[in-house]
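A.B. asks: Quick one: the structure is below, questions incoming.
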Amino acid sequence: MKNSNDNRDMMDYDEAKKLRRDMLTIILFIVAVFIVVFVIVRFNQVNELKDEIKAKQEQKESVEAYNKDLEGKREQQLESVGLSEVKKDMETFNNLFFVWNTWGEYDKNMKELQQLFPKIDEDKKVDISGKDVGSGDSPKSSYDNDFYTTTNKNEIAEKVTQNKDGISSKSSTVWFIVGDKNDDDLFNISHMKRYRELSPN
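Counting from 125, one number per residue, gives the positions in the sequence shown under our numbering.
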């Protein structure tokens, strides 16, 4: 009698052991399925992200190519109407007048403008004396511009937005500028007016 009870206990123990092993196998299988599903989902997300990045890159390259083509056409148009030299001189003027990081650089730029474009200095329509330097730390100055052709020969008009980024303040100033190159082949600024100053602070 005792022997059959021992056998039954042994069988219950073996069945419990087998049941535990089966449960563990099922749990491991479920975990493995979750891992596989997670890996597949992540793989698909990564591929979608790669495709999206590739599409954005292609779009960016397309826009850059279009802009380059457009800029080339603009340059050809300026060349055909004889304005490419005027535009080049206007860009030189802008880079010296509107781009500086220190008062020393501003002063140096004004002296360079006086040498490069003596007619601007003579006409006094634009102050390039360099005397209006400030004291203390200077703001950092930069600009954005749009140029327009006019009905006058060898003349370009521009709208320039000058941005000044100081230690405690930022401001933007909108300028309207007309530059020309007449018979004497000297570049001049015939009109330069500050229209408004915007300060977000």
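For each residue, glycine too, the CB sits at the ideal point set by N, CA and C.
What does the Cβ neighbour count give for M125, buried or exposed, with the cut at 16 atoms within 10 Å?
C.D. replies: Residue placement at M125 is flagged as unreliable, the pLDDT there being 48, under the threshold of 50; the coordinate-derived value follows with that caveat. Label assigned to M125: exposed.
A.B. asks: My assumption, with CB atoms under 8 Å, is that D304 sits in contact with S314. Please give the rounded CB distance.
C.D. replies: 6 Å
A.B. asks: Could you give the first and the last residue of the continuous alpha helix (DSSP H) run that contains D245?
C.D. replies: 242–247
A.B. asks: Identify whether N287 lies in helix, strand or coil by the three-state DSSP scheme.
C.D. replies: Three-state DSSP puts N287 in a strand.
A.B. asks: For D326, name the three-state secondary structure that DSSP assigns.
C.D. replies: A query on residue 326 cannot be resolved here, the shown segment of the chain reaching from 125 to 325 and no further.
A.B. asks: Exposed or buried, which one is E282 when buried takes at least 16 other CB atoms within 10 Å?
C.D. replies: buried
A.B. asks: Quick one, which of Q201, S253, V257, G228 has its alpha-carbon nearest T273's?
C.D. replies: The candidate whose alpha carbon is nearest that of T273 is Q201.
A.B. asks: Taking just the CA atoms, how far does S293 sit from E229?
C.D. replies: 20 Å
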